[in-house]
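Colleague: Going by UniProt numbering, 183 is the number at position 183 of the sequence shown; the sequence numbering is gapless.
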Amino acid sequence: MSLPDPHSLHPDTLAVRSGIERSQFGEHGEAMYLTSSFVFENAAQAAARFSGEEEGYVYARFSNPTVSALQTRLAALEGAEGCVATASGMSAILALAMATLQAGDHVVASNGLFGATQQLFGGILSRFGIQTTFVPTTDLDAWRDATQPRTRLFFTETPSNPLTEVVDIAAVADIAHEAGALLAVDNCFCSPALQRPLDFGADVVVHSATKYLDGQGRVLGGAVAGRKLVTDEVFKFLRTAGPTLSPFNAWVIFKGLETLRVRMEAQSASALELAKWLEAQPGVARVYYPGLRSHPQHELAMRQQKTGGAIVSFDVEGGRDAAWKVVDSTRLISITANLGDTKTTITHPATTTHGRISAEARASAGIGDGLLRVAVGLEHVDDIKEDLARGLAR
Ligand SMILES: *Cc1c(COP(=O)(O)O)cnc(C)c1O
């Protein structure tokens, strides 16, 4: 028996039920197909599969049932026509750029991007004749003014990393479409459980599946999901160039999606409580969290997102030394640059994730030496508070 029409099912149901049919063994947990190639009945079928005349699996650089299952499930959650899984979040962004841009084209991107994304657009792609203008994330006039005749792609993250600035997706989508460009949104921080950028007019979303989609810090992965027009081109690049997700990693992420919403809601609830508590701590100059009323874009965030998310950043008074003291006084929270895990993590962005960009670029993006980013996990929130209180109290 096949599933009811997916359009009649809720995202919660699709998160656990969509993706792959049972094999002849009737397994309940979805099978993992660790195979690099597929066998044909005869020479004619091999030819038909290669030419695309007959649907079916060929070779795992571009087709594998477990990877397809993840793509189907993630597309359902994002409300996307198509989805292509990739080896990492960065390879998803690279594949999107390779699929949509050519030499001479221009990109407008927000200046609050993940460090490696900034380097990809600002550094690597510029060597191939693709120029990027970085604009202040929340300044809609700046987005419009940066547009050029060859602008093909707008790229942003919302909320941004690490300052949790919120981009008005519908407004930026309008500006992009007026310019004849596509809008891509990195949906890493919210995941489709909290925010669906395509519903607000974005053409495509990219993911670092390494973060909340897996959700337990186990594997790297990425994905591009959105209009078929775009994902078909991404697929052609992946088929040829091979930044492919392994079936093993695909299976891990696929199972992660089943618990995505409950994790995101629980981690968001703790993040909100932690953010309110931090606001009341002496030694904390400012807290950045979209779920707080004090966040300059609180209302916009609540229109776009179900919650404020699970990332809380804050400035401590006393600059780098004071920030490092908070980090080094933790005994429970993990000191690591990753986020989106069930285990809470803490990062000092200025010397880690954003350490490779220039001091000027950091300052213009508002990333000070006293800034800390906490990605809240599933521990009891009181234990997280106590772990941070130790370093703040000194
Ligand atoms: C981690 C991250 C990426 C890159 O993903 P990888 O899986 O590490 O390649 C891109 N965007 C954001 C917002 C991230 O946090």
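Glycine is no exception: its CB is placed at the ideal position from the N, C-alpha and C atoms.
Where DSSP assigns a beta bridge to I311, which residues make up the other side?
Modeller: Answer is A375, bridged to I311.
Colleague: Per DSSP, what kind of secondary structure is V219 in: helix, strand or coil?
Modeller: Coil, per DSSP.
Colleague: Would you say Y288 faces chain C, with C-beta separation under 8 Å as the test?
Modeller: No chain C appears in the structure shown, which is made up of a single protein chain.
Colleague: Is the Cβ-Cβ distance between S91 and G222 less than 8 Å?
Modeller: Contact flag set, yes.
Colleague: Using the rule of at least 16 other Cβ atoms within 10 Å of the residue's Cβ for burial, across every protein chain shown, is G293 buried or exposed?
Modeller: The residue asked about is misnamed: residue 293 is Arg in this sequence, not Gly. So R293 ends up on the exposed side.
Colleague: Cβ of G180 within 7 Å of any heavy atom in ligand 1?
Modeller: The answer is no for G180.
Colleague: Exposed or buried, what is residue 401 when buried is set at 16 or more other beta-carbons lying within 10 Å of its beta-carbon?
Modeller: Look at the range of the chain in this structure, 1 to 394, and you will see that residue 401 is not part of it.
Colleague: Does the region 71-79 come into contact with the region 15-31, if we say contact requires no fewer than three beta-carbon pairs (one atom in each stretch) closer than 8 Å?
Modeller: With the cut-off at 8 Å, the region 71-79 and the region 15-31 touch.
Colleague: Within the chosen definition, does the region 310-328 reach the region 282-290 through at least 3 CB pairs nearer than 8 Å?
Modeller: Judged by Cβ distances under 8 Å, the region 310-328 makes contact with the region 282-290, as three or more pairs qualify.
Colleague: Measuring CB atoms only, is the region 176-190 touching the region 59-66, in the sense that at least three cross pairs come out at less than 8 Å?
Modeller: No contact exists between the region 176-190 and the region 59-66.
Colleague: Is it buried or exposed, D141, if we count other Cβ atoms within 10 angstroms and call 16 or more buried?
Modeller: D141 should be labelled exposed.
Colleague: Do V230 and T151 have their C-beta atoms closer together than 8 Å?
Modeller: Contact flag unset, no.
Colleague: Output yes or no for whether 8 Å exceeds the beta carbon distance between V167 and S110.
Modeller: Yes, these two residues count as a Cβ contact at 8 Å.
Colleague: According to DSSP, is T86 part of a helix, a strand, or is it coil?
Modeller: It is a strand residue.
Colleague: Just grab the DSSP bridge partners of L153 for me.
Modeller: According to DSSP, L153 bridges with V107, L182.
Colleague: First and last residue of the alpha helix (DSSP H) that includes F248?
Modeller: Looking at the DSSP string, the run of the alpha helix (DSSP H) that includes F248 is 247-256.
Colleague: Of the residues E53, A393, C83, V381, which one's Cα is nearest the Cα of V224?
Modeller: Ranking E53, A393, C83, V381 by Cα distance to V224 puts C83 first.
Colleague: Among V252, I175, T156, whose alpha-carbon lies nearest the alpha-carbon of Q148?
Modeller: If we check each option's Cα against that of Q148, I175 comes out closest.
Colleague: Return yes when the C-beta of M90 is under 7 Å from any heavy atom of ligand 1, and no when it is not.
Modeller: M90: yes, Cβ under 7 Å from ligand 1.
Colleague: Taking the straight line between their C-alpha atoms, what separation do you get for D376 and E54?
Modeller: Residue identity check: residue 376 is Val in the sequence provided, not Asp. Those two C-alpha atoms are separated by around 47 Å.
Colleague: Specify the secondary structure class of Q305 as computed by DSSP and reduced to three states.
Modeller: Three-state result, Q305: coil.
Colleague: On the premise that L332 lies in contact with D387, defined as a C-beta separation below 8 Å, what is that separation, rounded to the nearest angstrom?
Modeller: Yes, they are in contact, since the Cβ atoms of D387 and L332 sit about 4 Å apart, within 8 Å.
Colleague: If we count the other Cβ atoms within 10 Å of its Cβ and call it buried at 16 or more, is T330 buried or exposed?
Modeller: Counting Cβ neighbours within 10 Å, T330 comes out buried, since at least 16 surround it.
Colleague: Considering only the alpha carbon of each residue, which of G79, F121, V108, E78 lies closest to I93?
Modeller: Of the listed residues, the one whose Cα sits closest to I93 is F121.
Colleague: Comparing the CB of K211 with every heavy atom of ligand 1, is any distance shorter than 7 Å?
Modeller: Checking every heavy atom of ligand 1 against the Cβ of K211, one is found closer than 7 Å.
Colleague: When you measure from the CB of E165 to every non-hydrogen atom of ligand 1, does any distance come out below 7 Å?
Modeller: E165: no, Cβ never under 7 Å from ligand 1.
Colleague: Leaving out five residues before and five after G370 in sequence, what residues of the same chain have Cβ atoms less than 8 Å from its Cβ?
Modeller: Answer for G370: A285, D315, V316, E317, G318, G319, R320, A322, A323, listed in chain order.
Colleague: Between the region 246-264 and the region 30-50, do at least 3 Cβ pairs fall closer than 8 Å?
Modeller: Enough Cβ pairs lie closer than 8 Å, so yes.
Colleague: If we ignore side chains and look at the alpha-carbon of each, how far apart do P192 and A43 end up?
Modeller: Roughly 43 Å separates the two Cα atoms.
Colleague: Could you tell me how far apart the beta carbons of L113 and E157 are, in whole angstroms, since I believe they sit closer than 8 Å?
Modeller: About 6 Å; that satisfies the 8 Å criterion.
Colleague: Based on Cα-Cα distance, which residue from V374, A85, A48, Y57 lies nearest to L213?
Modeller: Measuring from the Cα of L213, the nearest candidate turns out to be A85.
Colleague: So what does Q131 bridge to, in DSSP terms?
Modeller: Looking at the DSSP assignment, Q131 forms a beta bridge with H106.
Colleague: With distances taken Cα to Cα, identify the nearest neighbour of N161 among L378, L392, I367, G391.
Modeller: Measuring from the Cα of N161, the nearest candidate turns out to be I367.
Colleague: With DSSP as the reference, please indicate the residues paired to H207 in a beta bridge.
Modeller: Bridge partners of H207: A223.
Colleague: Using CA atoms only, rank isn't needed, just tell me which of F155, H177, G308, Q297 is closest to F134.
Modeller: Checking every option, the nearest Cα to that of F134 belongs to F155.
Colleague: With a threshold of 7 Å, establish whether the CB of S208 neighbours any heavy atom of ligand 1.
Modeller: Checking every heavy atom of ligand 1 against the Cβ of S208, one is found closer than 7 Å.
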